[in-house]
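Enquirer: Each number in the numbering used here corresponds to the 1-based position in the sequence shown with 20 added.
Virtual Cβ for every residue (Gly too), placed ideally from N, Cα, C.
This is the structure, below, for whatever I ask next.
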Amino acid sequence: QGISGKMFRTLGKNNINIRAIAQGASEKNISAVIATKDVKKALNSLHERFFKDINKRLNLFITGVGNVGEKLIEQIHQQQEYLIHTLRINIRVVGLSNSRKMIFDEEGISLSSWKDTLNNGKEASLKEFFETVKTLNLRNSIFVDITANEEVAKVYGNYLKNNIAVVACNKIACSADYKNYSLLKRLSLQYNTPFLFETNVGAGLPIIDTLNNLIASGDEIVTIQAVLSGSLNFIFNNFTTDTDFYEVVKQAQQEGYTEPDPGIDLSGVDVARKILILARESGMQLDLEDIENQSFLTPKNLEAATVEDFYESLRADAAHFNQLLATANKNNCQLKYVAELSNGKAKVGLREIPKGHPFYNLKGKDNIVMFYTKRYPEQPMIIKGAGAGADVTASGLFADIIKVANK
């Protein structure tokens, strides 16, 4: 690729429009006219492209700095030297926001004192956060969503249209209406801007990436079988004849495995969203209502209006859960909450898993996914490991950020 090709390609990748082009008579120089607002971004992008000794700078704008967000910042801080000297990547956190406050610093927020700085920031505003990111107009900008907020998920398109990559832990966008999911994928292609969401399924496990690689290489997904809830796996691993079901659920909540409302986890909706995302990434046009959710909860559990009511209903229905366990024990099986995709249909529900099955000995908060494909028809490709926890989820987000840098 010639000098002109490199120059114009670099400007185009950074969403910098060229208004006019001129070439000198000697054909040894070329000029381009661009908007004043794009000058700094253009110069930095071109210097980064033509001078190999310059590290690639990534500018992160992170919203949602709870447990996972804090771990991500910690991991970035710890890896700075490796990133700069080995990967030649300079990551700067330029914007931070939680539900109350937000801060910006074009030169990079201190990763050792960001909490105090954020506490003294200005009032958080989703609209103003986007407008600030847009106005700063920094090259290699990445919006990182570590919330579970529907309103945040609605603005992904605005970022992609402005050549700002999106890395999402929030699974709402990819599991909401299919038209919205499809639109975001199209915008990512149209603006050549990454939209990555590996942590939507299995935290830091490379599930979506592996699925995409299988499909890209010409393989075809036949069946997916998976245990995709770290919280439910923890609950059923710890539910024995010597424990009460509601006490185990309480323990899971106290140890941070469930949502503040554990009914969300036990309803199976979260698992349904995850298998829906895998189905869509496999090329199927499904919506959440297409997923068959075979709930193991009683009507009383499902109708509970508050968390307290939910726990009380679990206590009242102890016999129901004890019977599920007794039946599984009688059949020498383990209870696992399983998601399955086959023949264009998906379902989730509690299953009795016999000895010898790969799911049988799944421990703690682990997840497991089995891909049966045209190339793996009998012995499936298996991905297994911790599927919940702030550390592994943060590492999955970190990996997606590095992928953006390498694109």
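Looking at leucine 248 and valine 291, is the spacing between their C-beta atoms short of 8 Å?
Expert: Numbered from its first residue, the sequence shown carries residue 291 at position 271. Numbered from its first residue, the sequence shown carries residue 248 at position 228. Against a cut-off of 8 Å, the Cβ pair of leucine 248 and valine 291 comes out as a contact.
Enquirer: What separation, rounded to the nearest whole angstrom, lies between the Cα atoms of isoleucine 109 and isoleucine 96?
Expert: On the sequence shown, residue 109 is found 89 positions in, with the first residue counted as 1. On the sequence shown, residue 96 is found 76 positions in, with the first residue counted as 1. Cα to Cα, isoleucine 109 sits roughly 11 Å from isoleucine 96.
Enquirer: My output table needs one value for glutamine 399: the three-state DSSP class, helix, strand or coil.
Expert: Within the sequence shown, residue 399 is the residue found at index 379, counting from 1. The answer is coil: DSSP assigns glutamine 399 none of H, G, I, E or B.
Enquirer: I need the boundaries of the alpha helix (DSSP H) containing aspartate 285, first residue and last residue.
Expert: Within the sequence shown, numbered from 1, the residue matching residue 285 stands at position 265. Segment 282–286, the alpha helix (DSSP H) holding aspartate 285.
Enquirer: Output the residue ranges of the beta strand (DSSP E) runs that lie fully inside the segment 57–104 and measure 3 residues or longer, sorted by chain position.
Expert: 76–83
Enquirer: So what does DSSP say about arginine 300, is it helix, strand or coil?
Expert: The residue you call residue 300 lines up with position 280 of the sequence shown. Helix at arginine 300.
Enquirer: Could you check where the beta strand (DSSP E) with aspartate 386 kicks off and where it finishes?
Expert: For the purposes of this step, residue 386 is taken as the residue at position 366 of the sequence shown. Where aspartate 386 is concerned, the enclosing beta strand (DSSP E) stretches over 386–393.
Enquirer: By the three-class DSSP mapping on this structure, what secondary structure does arginine 39 have?
Expert: One-based indexing of the sequence shown puts residue 39 at position 19. Strand, per DSSP.
Enquirer: I'd like the span of the beta strand (DSSP E) that includes aspartate 165, first residue to last.
Expert: The count along the sequence shown starts at 1 and reaches residue 165 at position 145. Per DSSP, aspartate 165 belongs to the beta strand (DSSP E) from 161–165.
Enquirer: Buried or exposed for glutamate 301, going by 16 or more other Cβ atoms inside 10 Å?
Expert: Reading the sequence shown from its first residue, position 281 is the one you call residue 301. By the 10 Å Cβ count, glutamate 301 comes out buried.
Enquirer: Counting only the same chain and skipping the five closest in sequence on each side, list residues whose C-beta sits under 8 Å from that of glutamate 360.
Expert: Your numbering for residue 360 matches position 340 in the sequence shown. Excluding positions up to five away in sequence, the list reads Thr243, Ile244, Gln245, Ala246, Ile295, Ala366, Lys367 and Val368.
Enquirer: Can you say whether glutamate 9 is buried or exposed, counting buried as having 16 or more other CB atoms within 10 angstroms of its CB?
Expert: The requested residue 9 is not part of the displayed model; the chain covers only 21 to 427.
Enquirer: Leaving out five residues before and five after threonine 283 in sequence, what residues of the same chain have Cβ atoms less than 6 Å from its Cβ?
Expert: Looking up residue 283 in the sequence shown gives position 263. With the sequence shown as reference, residue 283 is identified as glycine, and threonine is not the correct amino acid for it. Closer than 6 Å at the Cβ level, and outside the excluded window around glycine 283, lie Phe330.
Enquirer: Using a Cβ-Cβ cut-off of 8 Å (strictly less than) and excluding sequence neighbours within five positions of leucine 92, which residues of its own chain qualify?
Expert: Walking along the sequence shown from the start, residue 92 turns up at place 72. Cβ-Cβ distances below 8 Å link leucine 92 to Ile82, Val164, Ile166, Ala414, Leu417 and Phe418 in the same chain, with the five nearest sequence neighbours on each side left out; the list follows chain order.
Enquirer: Please return the same chain residues whose Cβ sits closer than 8 Å to the Cβ of glycine 128, not counting the five positions on each side in sequence.
Expert: As a working mapping, residue 128 is identified with position 108 in the sequence shown. Arg112, Val113 and Val114.
Enquirer: Rank Asp307, Asn212 and Asp239 by C-alpha distance to the C-alpha of arginine 395 and give the top, closest one.
Expert: By one-based count along the sequence shown, residue 395 stands at place 375. For arginine 395, the nearest C-alpha among the options comes from Asp239.
Enquirer: Give me, in chain order, the residues of the same chain whose beta-carbon lies closer than 6 Å to that of methionine 27; leave out the 5 immediate sequence neighbours on both sides.
Expert: Position 7 of the sequence shown, counted from the start, is the residue given in the question as residue 27. Within the same chain, methionine 27 has no close Cβ partners at all.
Enquirer: Please state whether the Cβ-Cβ distance between proline 226 and isoleucine 403 is less than 8 Å.
Expert: As a first step, residue 226 must be located in the sequence shown, where it is residue number 206. As a first step, residue 403 must be located in the sequence shown, where it is residue number 383. Yes; because the gap between Cβ atoms is below 8 Å, this pair is in contact.
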